[in-house]
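Peer 1: I have a structure I would like to understand better, so I am pasting it below and will then ask my questions one at a time.
Protein chains in written order, with the numbering used here: chain A, 15 to 320; chain B, 15 to 320.
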């Protein structure tokens, strides 16, 4: 019996239970199910973990419910600046993009950087040039524009507040981790960043070893939450190092990092992880995290609150 | 007896011994000595590790011999885009800047991000806006221009080659690590990046846990080399995790990472590190690394080749 599986998240944060109506919750659940189902099918057909992660994230990027791709929030300048990363645990190759505008699927750009460029991380409008050279789908600004999100941006501006997309029940990130039939691990993360973010701020999502990490020796991790704290704790690699050097399980390592270490410095958020045995974890220290998984043992789960 | 000390580097790479004339070597050595001496004096007077690291790096950034600050190399577009990071091991606070133009001392901007902003990493021309708001010294493009470096850029363009500033005996990065009298560790790194770099490429230098990391529990690390490989290996945090969880010494951990793990994936470069006892390491797998240190035991060293 070969284990394989995929877990995904659509962001962690203070989900207000009162604001979360039955139908709203249902819509999010359906979107999450759709994303992990597509990724799972890819794995079942013998596709790679990298492919499954990419395909699940494309669905979440194309879905306006989540703060990534089409659903990205506005920066302080009223721009869209997206971050994404993907890593292949088989060969430790990685690709990432920071603060890129107009690319329909930043995760595809990250994969292209990994597979076709000499770089790991590219950024800004010059990364957009690369996306164009590589023939990726580019969208006009209108594609990313949505009235509700524009109001949220205007509120943030008026309060001079940089928010994690907490109000309106929208949260910061999407991500996926997968183990394929060949035993290879992969992780990917994509985000539109913080509402009203300034100064070309880059969060943890596109940073290898921090928001995104995969290593066949240990695990694959995708994080979501207040990025600055995740950076200072080098979260994804910290979980991996605890498994490799401290002999912890993925469950122990990820729980200690998310429930003890991060809150110790004031950091809020969560992660999803999968190890080489197919064990899946989804710890978070916030009130909720959009999340789901499906694996070869016919186990399936989708959830929002704890 | 309280141990304290500082180590610095001015980049690693293929230093050609035949091109390194006696007087050229002497000039580099004098610059390195000047940088660690200023940092050491700061520590001796009771200054913090963060302050010592910053002051040593300012000297290297202001010196045209090194690829950082004034000595930064040209991107593919003929621009200057600098990266820097600093971390305080006492409270795990960190600040970093990627692809910023025109700021005289990117390390000062990184420190300002750490101390005054809500962010860890900011980038691009919007990071320049922040630098201006904070009253940092901004220079015209002419300040960074140098004929020899412009020729190097033109050669790289003509060969369509992204180089680590290897020819002309100029290398990629400057950095410093320090332990102060109070037992606090700090690390900082600054660079002008790769010659002829494209697409807003960001290397390892400004990435916390990768090119730059400090943690009072373990060590302070600043890396130099081919950044893409350092990112994939999450080098600085890897060294720290081996100390914390595998029980290795700083010497063992840094040697294994630089001499075994990195070459295993084709990565070339080195690092400087200091631990809470004041032990200093400077491993590199290239032919040379500009480096030096000075500590409270009256030990002092400056070197270029192995």
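Idealized CB from N, CA, C, for every residue including glycine.
Which residues in the same chain have their Cβ closer than 6 Å to the Cβ of residue 305 of chain B, if we skip the five residues on either side of it in sequence?
Peer 2: For the purposes of this step, residue 305 of chain B is taken as residue 291 along the second chain, with counting starting at 1. Around residue 305 of chain B: 23, 296, 317.
Peer 1: Taking 8 Å as the cut-off, does the stretch 280-294 of chain A touch the stretch 234-247 of chain A (at least 3 CB pairs, one atom from each stretch)?
Peer 2: In short, these stretches touch, since the Cβ pair count reaches three.
Peer 1: Does the beta carbon of residue 112 of chain B sit closer than 8 Å to a beta carbon anywhere in chain A?
Peer 2: Position 98 of the second chain holds residue 112 of chain B. By this cut-off, residue 112 of chain B is an interface position.
Peer 1: Please identify the residue among B:300, B:222, B:260, B:44 whose C-alpha is closest to the C-alpha of residue 136 of chain B.
Peer 2: Reading the second chain from its first residue, position 122 is the one you call residue 136 of chain B. Residue 136 of chain B has its Cα closest to that of B:222, out of B:300, B:222, B:260, B:44.
Peer 1: Do the stretch 76-86 of chain B and the stretch 203-212 of chain B meet, that is, are 3 or more Cβ pairs less than 8 Å apart?
Peer 2: A contact exists between the stretch 76-86 of chain B and the stretch 203-212 of chain B.
Peer 1: Taking the Cβ atom as the reference point for each residue, do residue 299 of chain A and residue 264 of chain A lie within a distance shorter than 8 Å?
Peer 2: On the first chain, residue 299 of chain A is found 285 positions in, with the first residue counted as 1. On the first chain, residue 264 of chain A is found 250 positions in, with the first residue counted as 1. Cβ distance not < 8 Å, so residue 299 of chain A and residue 264 of chain A don't count as in contact.
Peer 1: With a 10 Å radius around its C-beta and 16 neighbouring C-beta atoms as the bar for buried, classify residue 162 of chain A as buried or exposed.
Peer 2: Taking the first residue of the first chain as 1, we reach residue 162 of chain A at position 148. Exposed, because fewer than 16 other Cβ atoms sit within 10 Å of the Cβ of residue 162 of chain A.
Peer 1: With a cut-off of 8 Å on the beta carbons, I'd call residue 202 of chain A and residue 240 of chain A a contact; round off their distance for me.
Peer 2: The residue labelled residue 202 of chain A in the question sits at position 188 within the first chain. The residue labelled residue 240 of chain A in the question sits at position 226 within the first chain. Contact flag wrong, Cβ pair sits at about 20 Å.
Peer 1: How big is the Cα-Cα spacing for residue 262 of chain B and residue 251 of chain B?
Peer 2: Along the second chain, one-based indexing puts residue 262 of chain B at 248. Along the second chain, one-based indexing puts residue 251 of chain B at 237. So the alpha carbons of these two residues sit roughly 13 Å apart.
Peer 1: Whose Cβ in chain B lies nearer than 7 Å to the Cβ of residue 141 of chain A?
Peer 2: In the first chain, the residue the question calls residue 141 of chain A occupies position 127. What residue 141 of chain A touches in chain B: 213, 214.
Peer 1: Give the residues of chain A in contact with residue 259 of chain B, contact being defined as C-beta atoms less than 7 Å apart.
Peer 2: Within the second chain, numbered from 1, the residue matching residue 259 of chain B stands at position 245. Under the 7 Å cutoff, chain A gives 255, 256, 259, 260.
Peer 1: Rounded to the nearest angstrom, what separates residue 124 of chain A and residue 110 of chain A at their Cα positions?
Peer 2: Taking the first chain and counting its residues from 1, one reaches residue 124 of chain A at position 110. Taking the first chain and counting its residues from 1, one reaches residue 110 of chain A at position 96. Taking the straight line joining both Cα atoms gives about 4 Å.
Peer 1: At which residue ranges does the stretch 135-201 of chain B contain complete beta strand (DSSP E) runs of 3 or more residues, listed in the order of the chain?
Peer 2: Counting whole runs of 3 or more residues, the stretch 135-201 of chain B contains the beta strand (DSSP E) stretches 135-137, 188-193.
Peer 1: For residue 272 of chain B, which option in B:245, B:94, B:293 has the closest C-alpha, if you only look at C-alpha atoms?
Peer 2: As a first step, residue 272 of chain B is located in the second chain; it is residue number 258 there, counting from the start. Looking at the Cα atoms, B:245 is the closest of the given residues.
Peer 1: Residues of chain B with CB under 9 Å from residue 137 of chain A, in chain order?
Peer 2: Here the question's residue 137 of chain A lines up with position 123 in the first chain. Correct list: 112, 113, 137, 138, 213, 214, 215, 216.
Peer 1: Under a CB-based cut-off of 8 Å, is residue 181 of chain A close to chain B?
Peer 2: As a first step, residue 181 of chain A is located in the first chain; it is residue number 167 there, counting from the start. Bear in mind that the predicted position of residue 181 of chain A carries a pLDDT of just 44, short of 50, making it unreliable; the figure below should be weighed with that in mind. Not one chain B Cβ lies under 8 Å of residue 181 of chain A.
Peer 1: In chain order, which continuous runs of the beta strand (DSSP E) of length 3 or greater are located wholly inside the stretch 216-274 of chain A?
Peer 2: With a minimum length of 3 residues, the continuous beta strand (DSSP E) runs that stay inside the stretch 216-274 of chain A are 226-228, 233-239.
Peer 1: Listing by chain order, which chain D residues have their CB less than 7 Å from the CB of residue 221 of chain A?
Peer 2: Any reference to chain D falls outside this structure, whose protein chains are A and B.
Peer 1: Give the DSSP-derived three-state secondary structure of residue 127 of chain A in the structure shown.
Peer 2: Working through the first chain from its first residue, we reach residue 127 of chain A at position 113. Helix, per DSSP.
Peer 1: Does the CB of residue 88 of chain A have a neighbour CB from chain B at under 8 Å?
Peer 2: Along the first chain, read from residue 1 onward, the residue named residue 88 of chain A stands at position 74. Judged by the 8 Å Cβ criterion, residue 88 of chain A is not in contact with chain B.
Peer 1: Take residue 102 of chain B and list the residues in its own chain whose beta-carbon comes closer than 6 Å to its own, dropping the five residues that flank it on each side.
Peer 2: Reading the second chain from its first residue, position 88 is the one you call residue 102 of chain B. So the list reads 64, 200, once near-sequence residues are dropped.
Peer 1: Leaving out five residues on either side along the sequence, give the residues of the same chain with a beta carbon under 6 Å from the beta carbon of residue 141 of chain B.
Peer 2: As a position in the second chain, residue 141 of chain B is number 127, starting the count at 1. Excluding residues within five positions, the ones whose Cβ falls inside 6 Å are 111, 114.
Peer 1: Between which two residues does the beta strand (DSSP E) holding residue 5 of chain B run?
Peer 2: With chain B covering 15 to 320 only, the question about residue 5 of chain B has no answer from this structure.
Peer 1: Mind pulling the alpha helix (DSSP H) runs of 4 or more residues that sit fully within the stretch 50-79 of chain A?
Peer 2: The qualifying runs are 63-76.
Peer 1: Just the chain B side, please: which residues come within less than 8 Å of residue 128 of chain A by C-beta, in chain order?
Peer 2: Translated into the one-based positions of the first chain, residue 128 of chain A becomes position 114. In chain order: nothing, as chain B lies at least about 10 Å away.
Peer 1: Beta-carbon of residue 248 of chain A versus every beta-carbon of chain B: anything under 8 Å?
Peer 2: Indexing the first chain from 1 puts residue 248 of chain A at position 234. Cβ-Cβ to chain B under 8 Å: yes for residue 248 of chain A.
Peer 1: Determine the extent of the beta strand (DSSP E) in which residue 304 of chain B is found, giving its start and end residues.
Peer 2: Taking the second chain and counting its residues from 1, one reaches residue 304 of chain B at position 290. Unbroken beta strand (DSSP E) run through residue 304 of chain B: 302-309.
Peer 1: Taking the CB atoms as reference points, tell me whether residue 128 of chain B and residue 98 of chain B lie closer together than 8 Å.
Peer 2: Position 114 of the second chain, counted from the first residue, corresponds to residue 128 of chain B. Position 84 of the second chain, counted from the first residue, corresponds to residue 98 of chain B. Their beta carbons are not under 8 Å apart, which means residue 128 of chain B does not touch residue 98 of chain B by this criterion.
Peer 1: If we cut at 8 Å on Cβ distances, does residue 134 of chain A have a partner in chain B?
Peer 2: For the purposes of this step, residue 134 of chain A is taken as the residue at position 120 of the first chain. Chain B contact via Cβ: present.
Peer 1: In chain order, what residues of the same chain have a beta carbon less than 6 Å from the beta carbon of residue 151 of chain B, not counting five sequence neighbours either side?
Peer 2: Position 137 of the second chain, counted from the start, is the residue given in the question as residue 151 of chain B. Closer than 6 Å at Cβ, skipping near neighbours: 118.
Peer 1: Buried or exposed for residue 89 of chain A, going by 16 or more other Cβ atoms inside 10 Å?
Peer 2: To locate residue 89 of chain A, count along the first chain from 1; it is residue 75. It is buried - the Cβ of residue 89 of chain A has at least 16 other Cβ atoms within 10 Å.
Peer 1: Taking the beta strand (DSSP E) that residue 21 of chain B falls in, what are its first and last residues?
Peer 2: Counted from its first residue, the second chain places residue 21 of chain B at position 7. 19-27 is the extent of the beta strand (DSSP E) around residue 21 of chain B.
Peer 1: Can you find a C-beta in chain B that's less than 8 Å from the C-beta of residue 96 of chain A?
Peer 2: In the first chain, the residue the question calls residue 96 of chain A occupies position 82. Output row for residue 96 of chain A: interface = no.
Peer 1: Using the three-state DSSP reduction, which class does residue 114 of chain B fall into: helix, strand or coil?
Peer 2: Here residue 114 of chain B refers to the residue found at position 100 of the second chain. Three-state DSSP puts residue 114 of chain B in a strand.
Peer 1: Taking the straight line between their C-alpha atoms, what separation do you get for residue 269 of chain A and residue 21 of chain A?
Peer 2: By one-based count along the first chain, residue 269 of chain A stands at place 255. By one-based count along the first chain, residue 21 of chain A stands at place 7. Answer to the nearest angstrom: the Cα atoms are 16 Å apart.
Peer 1: Since residue 121 of chain B meets chain A, which of its residues come closer than 8 Å, beta carbon to beta carbon?
Peer 2: Taking the second chain and counting its residues from 1, the one referred to as residue 121 of chain B is at position 107. Going along chain A, no residue has its Cβ under 8 Å from residue 121 of chain B, so there is no contact; the nearest lies around 17 Å.
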